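Start counting the sequence shown at 44; every next residue gets the next number (my numbering). Heads up, the thing below is written out as structure tokens.
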Amino acid sequence: MDDYKCKSVGIIGSGIQGVCIGLQLVKKGIPVTLFDRNDPLSPEFKAASYGNAGHFSPYAVLQFNRPDILYDVPKMLISSYGPLALKWNYIPKMFHWFYHYFKNCNKKSMLHTAKYMHQILNLSLDAYEEVFKEIDTTGLVEKKGIIYVWTNKNLKSRNLEIKIRDDLGVKQKHLTRDEILELEPNLSPVFDAGVLYEYAMHARDPHGILKNLFRLFVQRGGKFIQTDIKNLQQTSVNETIIRSDTDEYKFEKSVIASGAFSKKLTDQLGENIPLDTERGYHVHFKNQDHLISRPVIFLDRGFGMTPMNQGLRAVGTVELGGLKNPPSKKRINYIINCAKELLPQLGSHHDEWLGFRPTLPDFLPILGPSLKNKNIIYAFGHQHLGWTLGAITGKIISGIVAGEKTNLNLDPYSSKRFN
Ligand SMILES: Cc1cc2nc3c(=O)[nH]c(=O)nc-3n(C[C@H](O)[C@H](O)[C@H](O)COP(=O)(O)OP(=O)(O)OC[C@H]3O[C@@H](n4cnc5c(N)ncnc54)[C@H](O)[C@@H]3O)c2cc1C
């Protein structure tokens with residue numbers, strides 16, 4: 044295995060996972076072709092990696108498979124002013140996902156997810172620092188920390204989050220309302236307390252960063268083909284084929300990094316992986332980014348605001364409704380109202396964007412070989428944290444492709460947990 048050198052790799056998806064994986068592979072001298080139906084350099088590129096909140100959040104170990112949240116779900120769904128919404132026509136299609144979600148919504152699974160999210164989140168900033176040395180990040184990244192605020196309504200949940208992060212050694216600084224207002228004086232004091240993650244960073248333009256990483260990939264010899272991939276197949280021990288409607292491309296190994304769209308491909312490989320999407324939205328308030336210095340997330344509302352080059356990006360909510368339903372005006376209005384609750388001086392908004400978080404029911408990503416086709420590697424399901432985890436996913440998956448040893452325990456990320 045020591046002399047092994049992979050001869051070629053095809054990657055489906057040029058979101059942050061695909062581009063970071065491609066970059067690490069070309070750095071190892073392995074020929075790589077990236078496929079995407081949209082060119083990452085074009086304004087039509089609107090994937091999750093374009094429109095997210097831009098937080099690099101290495102602290103976010105706790106996910107939504109937590110029993111305390113489960114009790115609040117019916118209340119949230121009934122309220123028209125809540126952070127969670129359903130497209131009822133889609134719910135019958137989510138039974139498989141819900142089955143695994145309820146199986147994983149208990150204290151043991153919650154702590155398992157937290158432990159293994161922590162394993163990779165803890166390496167996420169260093170992995171970005173490494174790739175950021177190779178691109179121009181001027182005006183694209185800021186290191187001013189990230190603030191979460193909350194009211195006293197759900198203190199049991201807040202205390203649980205604080206305790207689990209403390210137990211895992213995550214650094215957090217508790218803030219009173221006055222301390223928050225000292226840091227962000229324009230906020231309306233509608234919250235009671237919060238926490239600051241001082242070492243967290245944010246992107247002022249996630250798409251700008253993605254484009255620079257993609258350009259570096261191409262400069263290093265990576266190829267890009269703009270096409271819609273219909274299927275892929277492992278044909279022998281050292282050959283996989285990726286097919287569009289008109290062409291087929293042969294590689295020794297292939298990687299599925301297609302975000303929330305990955306299920307269409309894995310279903311064809313005979314693995315029934317319960318991947319689905321948590322839809323989220325953003326709007327911009329142009330020239331209002333000066334109102335806050337760093338991202339502020341209002342936990343009670345499931346929404347946040349990030350100062351970006353496009354303006355103040357108000358972003359969030361979770362809507363369960365699949366990939367095909369149209370955007371919901373109600374969700375957009377919800378985000379606008381939440382933003383104005385914290386910053387009443389905001390005027391009218393621009394741009395309305397719907398994005399698809401790729402989410403597995405235990406909230407761990409799948410990173411590793413397909414169970415039935417060892418030369419097809421999976422890299423999807425990063426849910427709310429795919430932006431943060433891009434660079435480390437690049438390192439992990441490129442290591443798997445290249446047959447390198449690792450000290451990380453990668454078993455928890457295998458798709459075998461759903462079989
Ligand atoms: C509202 C919102 C806010 C978020 N905020 C944050 C945040 O602050 N911090 C954070 O860490 N994460 C955040 N996320 C999550 C993060 O954006 C995603 O987890 C991450 O972008 C997923 O990256 P990806 O590369 O897996 O998928 P994507 O970015 O979705 O890219 C997948 C690519 O694959 C292509 N593709 C799919 N199928 C095919 C096919 N068959 N043929 C050709 N091309 C195909 C698509 O065109 C797409 O370009 C947020 C997400 C949303 C929706």
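Don't be surprised by glycine CBs; every beta carbon is placed ideally from N, CA and C. No experiment lies behind these values; they were computed from the predicted model shown.
Taking 8 Å as the cut-off, the Cβ atoms of F99 and Y191 do not count as close. Following the DSSP letters along the chain, one finds I419 inside the beta strand (DSSP E) bounded by residues 419-423.
Relative to ligand 1, the beta carbon of F399 is positioned inside 7 Å of a heavy atom.
A distance below 8 Å separates the beta carbons of A96 and G359.
L259 sits close to E177, with the two beta carbons spaced by under 8 Å.
The beta carbon of T156 lies closer than 7 Å to those of Q106, N108, D405, F406, L407 in the same chain, with the five residues before and after it left out. With a cut-off of 7 Å, the C-beta of Q311 is classified as distant from ligand 1, since no heavy atom of the ligand falls inside that distance. Annotation for I284: Q276, T278, E291, K293 place their beta carbon closer than 6 Å to its own, counting only its chain and skipping 5 residues before and after. Ligand 1 approaches Y324 closely enough that one of its heavy atoms is under 7 Å from the residue's Cβ. Taking C-alpha positions only, L453 is separated from S231 by approximately 44 Å. When secondary structure is reduced to three states using DSSP, E384 falls in the helix class. By the beta-carbon neighbour count (other beta carbons within 10 angstroms, threshold 16), Y324 is buried.
Boundaries around I55 are those of the beta strand (DSSP E), 52-55, since no alpha helix (DSSP H) includes it. Three or more Cβ pairs drawn from the region 294-308 and the region 408-422 lie within less than 8 Å of each other, which places the two stretches in contact. At a Cβ-Cβ threshold of 8 Å, A445 and I64 do not count as neighbours. Restricting attention to beta strand (DSSP E) runs no shorter than 3 residues, the region 196-272 encloses them at 216-219, 236-240, 244-246, 266-269, ordered along the chain. A distance below 7 Å between beta-carbons, with the five flanking residues on each side excluded, links F257 to the following residues of its chain, in chain order: S57, V62, P83, L84. In the pairwise beta carbon analysis, the region 137-144 is classified as not touching the region 371-379: fewer than three pairs are separated by under 8 Å. For R80, the Cβ falls inside the 7 Å cut-off from some heavy atom of ligand 1.
In this structure, the C-beta of F423 approaches ligand 1 to less than 7 Å from one of its heavy atoms.
If the five residues before and after K186 are omitted, its C-beta is found closer than 7 Å to the C-beta atoms of M244, all from its own chain and listed in chain order. The beta carbon of A96 sits closer than 7 Å to at least one heavy atom of ligand 1.
Straight across, the Cα-Cα distance linking D343 with T349 is about 17 Å. Distance from the CA of C49 to the CA of L253, rounded to the nearest whole angstrom, comes to 25 Å. Taking the Cβ atoms as the reference, F328 lies roughly 18 Å from L397, outside the contact range of under 8 Å.
Note that the C-beta distance between L410 and P317 is not below 8 Å. Taken atom to atom, the span from the alpha-carbon of Y456 to that of S391 is near 43 Å. DSSP links Y324 through a beta bridge to G359, L397. For L428, the shortest separation between its Cβ and any heavy atom of ligand 1 lies below 7 Å. Residue burial is scored here from C-beta neighbours: I378 has at least 16 other C-beta atoms within 10 angstroms and is therefore classed as buried. Judged by their CB atoms, V238 and L218 are nearer to each other than the 8 Å cut-off.
Counting only runs that start and end inside the region 138-206, the beta strand (DSSP E) elements of at least 3 residues fall at 189-193. When the five nearest sequence neighbours on each side are left out, the beta carbons in the same chain lying within less than 6 Å of the beta carbon of P412 are those of I420, in order along the chain. Boundaries cannot be given for K448, as no beta strand (DSSP E) includes it and DSSP labels it neither H nor E.
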